[in-house]
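A.B. asks: A single structure is presented below for examination.
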Amino acid sequence: MSSQVCQSGHYTLYQGILDCTPNSNFCGQFASCVQTTINNKLGCCREDYLYPSAANIIVYILIIPIIGIGSLGALGGGVVKRPFLEAALNYNSGPSGNITACLMFGAQLVNQIIITFQKHPYHPQRPLVNYEVGMIYALAIPLAMQFGQELASYMPLLPVLTLQMMFFIVILPICLLYAKRQEIVEQEIDEDYTESHQSMTTDFKGSIQDEAQAALIYKQFLDESHQTLPLIPILITFGSFAVNEAVILSRSTLYQVSPYFNVNDLPQPKQLNPCDVWNFYMMILLFAVNILITGSVLLLFRKKELIKDSVRYKLKERYFTPTRRFFKIYGAGCATGFIAGFLGMAAGLTMFVTMVQFGLVAACAGATANFGYFIVCLQVFVSLMVGDSDMGVGNQFFFYGIGIVGVLVFTNLGYYYINKYKIGHVLFYIDFGIVVLNMAGNIAWGIEQNDRLGFTQIVNITNTCS
């Protein structure tokens, strides 16, 4: 699409702005105001994604370690969007979103493979990921993320930037506080977290009367906790995502027309628009589907945990009983999804911090947050695939490759040293540094937008249903 809109030869990536002013800074660095094929109007066109300029080469090289190191703390492509892609390379939100989606998907796909075979630092027979906690977060993310995206699409730029900065300012001291707490926990953890077969009492509940039967059930739970890929939580996680995504794709947003409708059969205007009542009905359906799935999962796992109670199996590891504990975790998942949709970043950081609060050690929290973050990446990636993206296949695979290399080199090494020396608390320092980097990027990008487009442009509401 871009090459068809911008045919200047040098500047081929359309940045989504028409009626620009030639010979000015209106289009920003690495871009120019040139003739387009959209009614022969002037528009802002940038150098292509892979244009061999020094700035592109240097920044893309820098992104590799940032993506790899950030992935340790469940921070993905969003951490490079504002400071590198928008502030440094002058990509507008559309192209930078395309790059971010590819970086996130490539990095997290490989990251999931790596963490699948990592072991808990204090329970060597158990996987590093806590799939039950990750599943609860994944149940909450799609719906909340949709609400966040809807709100953000009707918000002016300046309030969004301000809220992002407020979030960053709040999260910075929390990162430092949790880093200190986790360092103390890691120093005192040997006795508390040593894997052992807890002694069972004969004080069984319900229908379990026979001690031999109780021992058998206990062993089944123990074997299940040692599975590298526990089938039921994983199937529920991705099954829920698939059902949610099917409903989400039936909507038409500012960036997507529903694929379930033939626009030629619709009354004028011949497409569903974001303000169409159909989208409201689909949000109601999405809400109902989530209530049904979440309620069913809660009942299923509550019953399972009651059996665990009856055989005295790991009494401190309860996520569905009492019910209020489940809803605390589910609420954290809702906050994660909303932040991901509204701010466009920090989903993994939100999960990481809140999972530690629910009793997971830092290394386990980081891996589990990555499992939940993969759902965010999938949702963003599906939006890229079904949307009207102007990104060619070759460009996509280039950025998949950058993400993959970053994880294979830097994330892999990070997991090795964290597990070897049991220093999971350093993940909080990593996240602290990357948040500071994003704060600097936010400030720089806001100043650039004000210089180019003027203050009025960044406080105007561009989209409305009035």
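When we follow our numbering, the leftmost residue of the sequence shown carries the number 117, and every step to the right adds one. Quick reminder that beta carbons are idealized off the backbone N, C-alpha and C, glycines included.
(1) Kindly indicate which three-state DSSP category residue 344 falls into: helix, strand or coil?
(2) Identify, in the order they occur along the chain, each residue of the same chain with its Cβ nearer than 8 Å to the Cβ of residue 189, setting aside the five sequence neighbours on each side.
(3) Taking the beta carbon of residue 282 as the centre, do at least 16 other beta carbons fall within 10 Å, making it buried, or is it exposed?
(4) Are the beta-carbon atoms of residue 149 and residue 137 separated by less than 8 Å?
(5) Take the Cβ of residue 406 as the centre, count every other Cβ of all protein chains shown within 10 Å, and call the residue buried at 16 or more, exposed below.
(6) Just the Cα atoms here: how many angstroms apart are residue 460 and residue 393?
(7) Taking the runs of the alpha helix (DSSP H) that are 4 residues or longer, which of them lie wholly in the stretch 474-554?
(8) Looking at the structure shown, is residue 318 part of a helix, part of a strand, or coil, going by DSSP?
(9) Thinking C-beta only, is residue 249 closer than 8 Å to residue 445?
(10) How far does the beta strand (DSSP E) with residue 162 in it extend, from its first residue to its last?
(11) Spatial neighbours of residue 570 within its chain, please: CB distance less than 7 Å, with the 5 preceding and 5 following residues excluded, ordered by chain position.
(12) Under 6 Å Cβ to Cβ from residue 313, same chain only, skipping five residues before and after it: list those, please.
(13) Can we say the stretch 233-244 touches the stretch 433-449, given the rule of at least three CB pairs closer than 8 Å?
(14) May I have a chain-ordered list of the alpha helix (DSSP H) segments no shorter than 4 residues that lie completely inside the stretch 224-297?
(15) When you compare each of 577, 477, 523, 493 to residue 302 by their alpha carbons, which one comes out closest?
(16) Kindly indicate which three-state DSSP category residue 149 falls into: helix, strand or coil?
(17) Provide the residue span of the beta strand (DSSP E) that contains residue 603, from first to last.
(18) Locate the alpha helix (DSSP H) running through residue 176, then write down its first and last residues.
(19) Could you check whether residue 453 and residue 264 sit closer than 8 Å to each other, using their CB atoms as the reference points?
(20) Between the Cα of residue 254 and those of 526, 450, 527, 558, spot the shortest distance and give me the residue it belongs to.
(21) Rounded to whole angstroms, how far is the Cβ of residue 208 from the Cβ of residue 131, which I believe are closer than 8 Å?
(22) Tell me whether the beta-carbon of residue 193 lies closer than 8 Å to the beta-carbon of residue 223.
(23) Mark residue 304 as exposed unless 16 or more other C-beta atoms lie within 10 angstroms of its C-beta, in which case mark it buried.
(24) Taking one C-beta from the stretch 554-568 and one from the stretch 211-221 each time, how about it: are there three or more such pairs within less than 8 Å?
(25) How long is the line joining the alpha carbons of residue 434 and residue 219, rounded to whole angstroms?
(26) How about residue 226 and residue 523: are their beta carbons less than 8 Å apart?
(27) Taking contact to mean 3 or more Cβ pairs, one atom from each stretch, closer than 8 Å, check whether the stretch 510-522 and the stretch 282-296 are in contact.
(28) From the DSSP output, in three-state form, read off residue 369 for me.
(29) Just to confirm my understanding: we take residue 527, look at its own chain, exclude 5 residues before and 5 after, and list those with CB closer than 7 Å. What are they?
(30) Leaving out five residues before and five after residue 566 in sequence, what residues of the same chain have Cβ atoms less than 7 Å from its Cβ?
(31) What does the alpha-carbon distance come out to for the pair residue 385 and residue 366?
(32) Taking 8 Å as the threshold, find out whether the stretch 290-297 comes into contact with the stretch 527-537 through three or more Cβ pairs.
(33) Work out the CA separation of residue 443 and residue 418 for me, nearest whole Å.
(34) Around the C-beta of residue 234, are 16 or more other C-beta atoms found within 10 angstroms, so that it is buried, or is it exposed?
(35) How about residue 258 and residue 495: are their beta carbons less than 8 Å apart?
(36) Contact check, residue 349 vs residue 251 under 8 Å by CB: the rounded distance?
C.D. replies: Taking the structure as given:
(1) Numbered from 1 along the sequence shown, position 228 holds the residue referred to as residue 344. In the structure shown, residue 344 sits in coil (DSSP, three-state: anything other than H, G, I, E or B).
(2) One-based indexing of the sequence shown puts residue 189 at position 73. Taken in chain order, the residues that qualify are 464, 465, 468, 482, 485, 543, 544, 546, 547, 550.
(3) The residue given as residue 282 occupies position 166 in the sequence shown. Counting Cβ neighbours within 10 Å, residue 282 comes out exposed, since fewer than 16 surround it.
(4) Taking the first residue of the sequence shown as 1, we reach residue 149 at position 33. Taking the first residue of the sequence shown as 1, we reach residue 137 at position 21. Yes, the Cβ-Cβ distance between residue 149 and residue 137 is below 8 Å.
(5) For the purposes of this step, residue 406 is taken as the residue at position 290 of the sequence shown. By the 10 Å Cβ count, residue 406 comes out buried.
(6) Here residue 460 refers to the residue found at position 344 of the sequence shown. Here residue 393 refers to the residue found at position 277 of the sequence shown. One C-alpha to the other measures close to 26 Å.
(7) 478-502, 509-522, 528-537
(8) Translated into the one-based positions of the sequence shown, residue 318 becomes position 202. In this predicted model, residue 318 has a pLDDT of only 44, less than 50, meaning its place in the structure is not dependable enough to derive any value.
(9) Within the sequence shown, residue 445 is the residue found at index 329, counting from 1. Within the sequence shown, residue 249 is the residue found at index 133, counting from 1. Against a cut-off of 8 Å, the Cβ pair of residue 249 and residue 445 comes out as a contact.
(10) Mapped onto the sequence shown, residue 162 falls at position 46. That run of the beta strand (DSSP E) goes 158-163.
(11) In the sequence shown, residue 570 corresponds to position 454, counting from 1. Here the set comprises nothing.
(12) Numbered from 1 along the sequence shown, position 197 holds the residue referred to as residue 313. Residue placement at residue 313 cannot be trusted, given a pLDDT of 43 that sits under 50; the coordinates are not used to answer.
(13) no
(14) 247-269
(15) Indexing the sequence shown from 1 puts residue 302 at position 186. Here the closest residue by C-alpha is 477.
(16) What you label residue 149 is simply residue 33 of the sequence shown in a count that begins at 1. Strand.
(17) No answer is possible for residue 603: it lies beyond the span of the chain, which begins at 117 and ends at 582.
(18) Within the sequence shown, the letter at position 60 stands for residue 176. 170-188 is the extent of the alpha helix (DSSP H) around residue 176.
(19) For the purposes of this step, residue 264 is taken as residue 148 along the sequence shown, with counting starting at 1. For the purposes of this step, residue 453 is taken as residue 337 along the sequence shown, with counting starting at 1. The answer is yes: Cβ separation under 8 Å.
(20) Looking up residue 254 in the sequence shown gives position 138. Looking at the Cα atoms, 450 is the closest of the given residues.
(21) Numbered from 1 along the sequence shown, position 92 holds the residue referred to as residue 208. Numbered from 1 along the sequence shown, position 15 holds the residue referred to as residue 131. The pair is a contact, with the Cβ atoms about 4 Å apart (cut-off 8 Å).
(22) Translated into the one-based positions of the sequence shown, residue 193 becomes position 77. Translated into the one-based positions of the sequence shown, residue 223 becomes position 107. Yes, the pair counts as a contact, with Cβ atoms nearer than the cut-off.
(23) Locating residue 304 in the sequence shown gives position 188, counting from the first residue. Answer is exposed; the Cβ neighbour count stays below 16.
(24) no
(25) Sequence index remark: in the sequence shown, residue 434 carries index 318 (1-based). Sequence index remark: in the sequence shown, residue 219 carries index 103 (1-based). Distance between the alpha carbons of residue 434 and residue 219 is about 35 Å.
(26) Start at 1 with the first residue of the sequence shown, and residue 226 comes out as number 110. Start at 1 with the first residue of the sequence shown, and residue 523 comes out as number 407. Taking 8 Å as the Cβ cut-off, residue 226 and residue 523 qualify as a contacting pair.
(27) no
(28) As a position in the sequence shown, residue 369 is number 253, starting the count at 1. Three-state DSSP puts residue 369 in a strand.
(29) Translated into the one-based positions of the sequence shown, residue 527 becomes position 411. For residue 527, where only same-chain residues beyond five positions count, the Cβ hits under 7 Å are 184, 187, 188, 227, 230.
(30) As a working mapping, residue 566 is identified with position 450 in the sequence shown. Contacts found: 574.
(31) Mapped onto the sequence shown, residue 385 falls at position 269. Mapped onto the sequence shown, residue 366 falls at position 250. Unreliable placement is indicated for residue 385, whose pLDDT of 46 sits below 50; the coordinate value is still reported in the next sentence. Residue 385 and residue 366: Cα-Cα distance of roughly 18 Å.
(32) no
(33) Translated into the one-based positions of the sequence shown, residue 418 becomes position 302. Translated into the one-based positions of the sequence shown, residue 443 becomes position 327. Roughly 12 Å between the two C-alpha positions.
(34) For the purposes of this step, residue 234 is taken as the residue at position 118 of the sequence shown. Residue 234 is buried by the Cβ-count criterion.
(35) To locate residue 258, count along the sequence shown from 1; it is residue 142. To locate residue 495, count along the sequence shown from 1; it is residue 379. Closer than 8 Å, so yes.
(36) Numbered from its first residue, the sequence shown carries residue 349 at position 233. Numbered from its first residue, the sequence shown carries residue 251 at position 135. Indeed they touch by this definition, with Cβ atoms about 4 Å apart.
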